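Colleague: Residue numbers (our numbering): 15 to 471.
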């Protein structure tokens, strides 16, 4: 078989009998027999007899583990984006020890033995267990920002053991947060090779769309009220969300304020850009920094939908937010402005209980069907190359997470934004579905979500 350099090749083997088997792989520079030999490889495999495992009956059995992603980073682990599943005999459990290292060859700065985990272990139980028994620990939060490696050591006695190592993601431009006695300091690490210092700007939690340029330096004290620190070096961008030292509850006070702008594609794109910065920035080890980011991202989404959906919609959202519209009736009425479009909101309100239980693809499909039926969209997006299905997904992404909308839309972002401004009912319907689903799920957001049930990763 002729293949290109670096192209993966999958080989399916037939059913093999129990025993040893050797697969011989030979690489040549061309198909001809006399072509230059590049190398030979023998892969030896052992096929063993199947081991019966009557669940709950035998005291012994295999330890079956699934990890996604296969090589998780430290940031993914900390942010709850690592799925760990484990299965074993009923009535048995396993233990996990978590170790943080500032360097791979050094001594662990934090070692914590977590309580036992009964089989079967689901991703949801793992995330809740890790957050409650490790991520919420002050010692873990204080050492996370300087850690390079986290090692998870799972043991289940004679059933087996396994280890997962999560290293800090390498980037040419990145932040590290130190906690000296005088207060947190954001340290910029620039491995881009550029001769000049990176440009650094700061956004506060109270004014998250207003950038203040900082002096170019490698260290920046995190003074009150903290916020987002963004460094730029050529095409590289790195963000860090950090809080100052918290002494009283007043240090956490503050309202997110975003100045209103005119309804235009440029204003929407600028808001999405800011949302992307906040959404992609690394949060510090302090869980409060994650909570503050959630508040900012939620405010940015509301601002985007105010620009697209109009002031009447924004007023209805404010009413729903303070609980005056607990059944979302006013929000449902604000979705449509023409009688022939009223059905889309009514249908979503009737179906939200079912839609909250299905995956995102099913929600996208249903919104596209309703948009086609009630908004009378052209199948090709009025000749602009954007189908109902594509626009429905963009609208839902924008209504739930600006970062995901910008990344997903790519070069079509401007066109999609312009198109959505022309059909704001679709944007309002998408936002209604996002809010209604979040309410239906009790607003219990998972890591990486701004609203419950809307994880696009």
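Note that beta-carbon positions come from the ideal geometry of N, C-alpha and C, so glycine has one too.
Here the structure is a predicted model, which means the values were calculated and not measured.
Give me, in chain order, the residues of the same chain whose beta-carbon lies closer than 7 Å to that of residue 454; leave out the 5 immediate sequence neighbours on both sides.
Modeller: Within the same chain, residue 454 has close Cβ partners 366, 367 and 370.
Colleague: Expressed to the nearest angstrom, what Euclidean distance is found between the alpha-carbon atoms of residue 545 and residue 158?
Modeller: Residue 545 lies beyond the residue range present for the chain, which begins at 15 and ends at 471; the question has no answer from this structure.
Colleague: Start and end of the beta strand (DSSP E) containing residue 227?
Modeller: 226-228
Colleague: Between residue 162 and residue 290, what straight-line distance do the alpha-carbon atoms span, to the nearest angstrom?
Modeller: 25 Å
Colleague: In terms of alpha-carbon separation, which member of 433, 150 and 342 lies closest to residue 305?
Modeller: 150
Colleague: At the level of alpha carbons, what is the spacing between residue 131 and residue 103?
Modeller: Approximately 13 Å, taken between the alpha carbons.
Colleague: Residue 148 and residue 112 look like a contact to me (Cβ under 8 Å); what is the Cβ gap, rounded to whole Å?
Modeller: Taking C-beta atoms under 8 Å as the contact rule, residue 148 and residue 112 qualify, at a distance of about 5 Å.
Colleague: Give the C-beta separation of residue 200 and residue 243 to the nearest angstrom, bearing in mind that I take them to be a contact with Cβ-Cβ under 8 Å.
Modeller: 5 Å
Colleague: What is the DSSP secondary structure of residue 67, counted as helix, strand or coil?
Modeller: At residue 67, the pLDDT of 42 sits below 50, so the modelled position is not reliable and the matter cannot be decided from this model.
Colleague: Which one or two residues does DSSP pair with residue 370 in a beta bridge?
Modeller: Paired residues: none, contrary to the question.
Colleague: State buried or exposed for residue 465, treating a residue as buried only when at least 16 other CB atoms are found within 10 Å of its CB.
Modeller: buried
Colleague: Between the C-alpha atoms of residue 460 and residue 430, what's the straight-line distance to the nearest angstrom?
Modeller: If you take the alpha carbons of residue 460 and residue 430, they lie about 28 Å apart.
Colleague: Leaving out five residues before and five after residue 410 in sequence, what residues of the same chain have Cβ atoms less than 8 Å from its Cβ?
Modeller: 374, 377, 378, 381, 444, 447, 448 and 468
Colleague: Mapping DSSP to helix, strand and coil, what is residue 217?
Modeller: strand
Colleague: From residue 342 to residue 358, what does the alpha carbon distance come to, in whole angstroms?
Modeller: 15 Å
Colleague: According to DSSP, is residue 208 part of a helix, a strand, or is it coil?
Modeller: Coil at residue 208, not helix or strand.
Colleague: Quick check on residue 60: does DSSP put it in helix, strand or coil?
Modeller: strand
Colleague: Would you identify the three-state DSSP class for residue 276, choosing helix, strand or coil?
Modeller: coil
Colleague: Given residue 295, which residues of its chain have a CB within under 7 Å of its CB, disregarding the five upstream and five downstream residues?
Modeller: 242, 253, 254 and 255
Colleague: Figure out for me which residue from 123, 180 and 27 has the closest Cα to the Cα of residue 98.
Modeller: 180
Colleague: Quick check on the DSSP output: what are the complete alpha helix (DSSP H) runs of length 4 or more inside the stretch 129-189, in order along the chain?
Modeller: List check, alpha helix (DSSP H) in window: 137-144 and 152-158.
Colleague: Under 8 Å between the Cβ atoms of residue 427 and residue 283?
Modeller: Yes.
Colleague: To the nearest angstrom, how far is it from the Cα of residue 224 to the Cα of residue 173?
Modeller: 55 Å
Colleague: Can you check which of these residues, 140, 141, 251 and 156, is closest to residue 302 by C-alpha distance?
Modeller: 156
Colleague: Since I believe residue 470 is in contact with residue 402 (beta carbons under 8 Å), could you give me their beta-carbon distance rounded to a whole number of angstroms?
Modeller: In fact, because the Cβ distance is near 19 Å, the residues do not count as touching under 8 Å.
Colleague: Quick check on DSSP: helix, strand or coil for residue 193?
Modeller: coil
Colleague: Closest to residue 152 by CA distance: which of 193, 187 and 138 is it?
Modeller: 193
Colleague: Using three-state DSSP, classify residue 520 as helix, strand or coil.
Modeller: Look at the range of the chain in this structure, 15 to 471, and you will see that residue 520 is not part of it.
Colleague: Report the residue from 202, 84, 205 and 277 whose alpha carbon sits nearest the alpha carbon of residue 438.
Modeller: 277
Colleague: Quick check: the Cα distance between residue 333 and residue 339, rounded to an integer number of angstroms?
Modeller: 6 Å
Colleague: Curious, which full-length alpha helix (DSSP H) runs of at least 4 residues does the stretch 307-386 contain?
Modeller: 325-335, 343-349 and 356-369
Colleague: Using the Cβ count rule (16 or more neighbours within 10 Å means buried), how would you classify residue 146?
Modeller: It is exposed - the Cβ of residue 146 has fewer than 16 other Cβ atoms within 10 Å.
Colleague: Relative to the C-alpha of residue 364, which candidate in 346, 351, 350 and 355 has its C-alpha closest?
Modeller: When only C-alpha atoms are compared, the closest one is 346.
Colleague: For residue 465, list the residues DSSP reports as bridge partners.
Modeller: Under DSSP, residue 465 forms no beta bridge with any residue.
Colleague: Can you tell me the Cα-Cα spacing of residue 336 and residue 457, whole angstroms?
Modeller: Rounded to the nearest whole angstrom, the CA to CA distance from residue 336 to residue 457 is 14 Å.
Colleague: Give me the Cα-Cα distance between residue 450 and residue 348, rounded to the nearest whole angstrom.
Modeller: 14 Å
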